[in-house]
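Counted the way my numbering counts, the sequence shown spans residues 9 to 301. For every residue, glycine included, the Cβ atom is placed at its ideal position computed from N, Cα and C. Have a look at the structure below before the remarks.
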Amino acid sequence: MENVSLKHSVEIILTPEFYTFIREELDIRFTYQAKQIAQSLFDDYLDSSKEYQYYVSKHGEFWYFYAYDIKEIEDFIESKGIETHRVSKIYFAQELNSELTQAVKLSEKNILTSIDDTVTVLPSHLIDTDVELKTLDLSKIKLHAGVSMGASHNSLVSLKETILLSSIFVILGSILIVEGTRTTASIAKDNEQLLALLDDNPSYSSTAIRESILEKYKPINRVEKAKRQTIKNISKLLSSKSELSTLHIEKSKVLAEITTLESRIVNQITKSAKEKHLKTTIAGKTIKVEKSL
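The following block contains the structure:
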């Protein structure tokens, strides 16, 4: 991104270098429920030395969770000559997913594209030279899941008010995908290694071998599915009169603590947890929930 000089307010779109994205299909009705589990979902993916903010939005059957370091974003913006008070809102490039039926050129070195419905940045040399790149007219695109710079310092979600401002959109680039695992490895290199492996070991492409490999990873898949279902069940225990104070997702179990100010709610949570085969322990008005996987 080139340095710029501005005298008006702007809105900015961040590419995946500046946020970590997780998409989950969770049986959650309300945003406040999703907000309470947001931080725990990112436990294994983020740099513990940084302080992150979280943003949550609903897209059809899926919940989109974003983690970002507002200080890192501000430092980058200022390094390019943009005063932070001139940035009214920041958006996430994931919102452009439906627009990226064709890749968009960011620079001579990078393109913005969508892979398995996850927006990311790829080196231009990975794309065939005869592939037509799309020109993205941001003035015709209406974005919704934005967060104000001020709200990012003290809130998980953005202010709901829509601020109509003269805007430019600055695309910041570099690849960083999280869909279960955050990785910066080159997709092209991985594919080349896979093809080389199949060339050297033709037997790997047989049905029997593939089924053997899948069978090996079935237990891992079962545990991960159980973790997701347990998170769903715990989220159903929450209401506007209770709060998820902690959530720990371990290798063989999920632990959570729910706090409330009303004894009546304690009884409701305990009863509901029992129906969902969750073990509970009550300590005052804190309910400890546990599920072994």
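Specify the secondary structure class of His-16 as computed by DSSP and reduced to three states. The residue given as residue 16 occupies position 8 in the sequence shown. Secondary structure of His-16 (DSSP, three-state): coil.
Considering only the beta carbon of each residue, do Ile-36 and Trp-71 sit closer than 8 Å? Working through the sequence shown from its first residue, we reach residue 36 at position 28. Working through the sequence shown from its first residue, we reach residue 71 at position 63. At a Cβ-Cβ threshold of 8 Å, Ile-36 and Trp-71 count as neighbours.
Give the straight-line distance between the Cα atoms of Lys-142 and Leu-134, rounded to the nearest whole angstrom. Taking the sequence shown and counting its residues from 1, the one referred to as residue 142 is at position 134. Taking the sequence shown and counting its residues from 1, the one referred to as residue 134 is at position 126. Looking at the two C-alpha atoms, the distance is approximately 16 Å.
Identity of the residues DSSP links to Ala-291 by a beta bridge: Within the sequence shown, numbered from 1, the residue matching residue 291 stands at position 283. Ala-291 is bridged to Thr-294.
Going straight from the alpha carbon of Arg-236 to that of Arg-272, what length do you get? Taking the first residue of the sequence shown as 1, we reach residue 236 at position 228. Taking the first residue of the sequence shown as 1, we reach residue 272 at position 264. In this model, Arg-236 and Arg-272 are separated by some 28 Å (Cα to Cα).
Return the Cβ separation of Lys-261 and Leu-301 in integer angstroms, given the expectation that the two are a contact with Cβ distance under 8 Å. Here residue 261 refers to the residue found at position 253 when the sequence shown is read from its first residue. Here residue 301 refers to the residue found at position 293 when the sequence shown is read from its first residue. Confirmed, about 6 Å.
For Pro-24, count neighbouring Cβ atoms within 10 angstroms of its own Cβ and tell me buried if that reaches 16, exposed if not. Here residue 24 corresponds to residue number 16 of the sequence shown, with the count starting at 1. Buried.
If I measure Cβ to Cβ from Glu-32 and keep anything under 6 Å in the same chain, skipping five residues before and after, which residues do I get? Along the sequence shown, read from residue 1 onward, the residue named residue 32 stands at position 24. Cβ within range, chain order: Trp-71.
Is it the case that the Cβ atoms of Leu-49 and Ile-30 are separated by a distance below 8 Å? Within the sequence shown, numbered from 1, the residue matching residue 49 stands at position 41. Within the sequence shown, numbered from 1, the residue matching residue 30 stands at position 22. Going by C-beta atoms, Leu-49 is nearer than 8 Å to Ile-30.
Could you tell me which residues DSSP pairs with Gln-276 in its beta bridges? Indexing the sequence shown from 1 puts residue 276 at position 268. Paired residues: none, contrary to the question.
Would you list the residues sitting across from Asn-118 in a DSSP beta bridge? Sequence index remark: in the sequence shown, residue 118 carries index 110 (1-based). DSSP links Asn-118 through a beta bridge to Pro-131.
Following the continuous alpha helix (DSSP H) through Thr-39, name the residue where it begins and the one where it ends. By one-based count along the sequence shown, residue 39 stands at place 31. Where Thr-39 is concerned, the enclosing alpha helix (DSSP H) stretches over 39-49.
Output the boundary residues of the beta strand (DSSP E) element that contains Phe-70. Position 62 of the sequence shown, counted from the start, is the residue given in the question as residue 70. Looking at the DSSP string, the run of the beta strand (DSSP E) that includes Phe-70 is 70-76.
Would you say the beta carbon of Gln-102 comes nearer than 7 Å to a heavy atom of the ligand HEM? The ligand HEM is not part of the structure shown, which contains no ligands of any sort.
Go ahead and label Lys-282 buried or exposed: buried means 16 or more other beta carbons lie within 10 angstroms of its beta carbon, across all protein chains shown. Here residue 282 corresponds to residue number 274 of the sequence shown, with the count starting at 1. Note on Lys-282: under 16 other CB atoms within 10 angstroms of its CB, so exposed under the neighbour-count rule.
Could you compute how far the alpha carbon of Pro-227 sits from the alpha carbon of Asp-136? As a position in the sequence shown, residue 227 is number 219, starting the count at 1. As a position in the sequence shown, residue 136 is number 128, starting the count at 1. Cα-Cα distance, rounded: 39 Å.
Compare the C-alpha of Val-127 against each of Ile-266, Glu-103, Ala-42 and name the closest. For the purposes of this step, residue 127 is identified with residue 119 of the sequence shown, where counting begins at 1. Answer by Cα proximity: Glu-103.
Excluding the five sequence neighbours on either side, which residues of its own chain have a C-beta within less than 6 Å of the C-beta of Ala-264, listed in chain order? Residue numbering aside, residue 264 sits at position 256 when the sequence shown is read from its first letter. If we look at Ala-264 and ignore the five residues flanking it on each side, its Cβ neighbours are Ile-242, Leu-255, Val-297.
How should Val-18 be labelled, buried or exposed, when 16 other C-beta atoms within 10 angstroms of its C-beta is the threshold for buried? As a working note, residue 18 is residue 10 in the sequence shown. Label assigned to Val-18: buried.
What are the start and end residues of the beta strand (DSSP E) that includes His-285? Against the sequence shown, residue 285 aligns to sequence position 277. For His-285, there is no enclosing beta strand (DSSP E), as DSSP marks it with neither H nor E.
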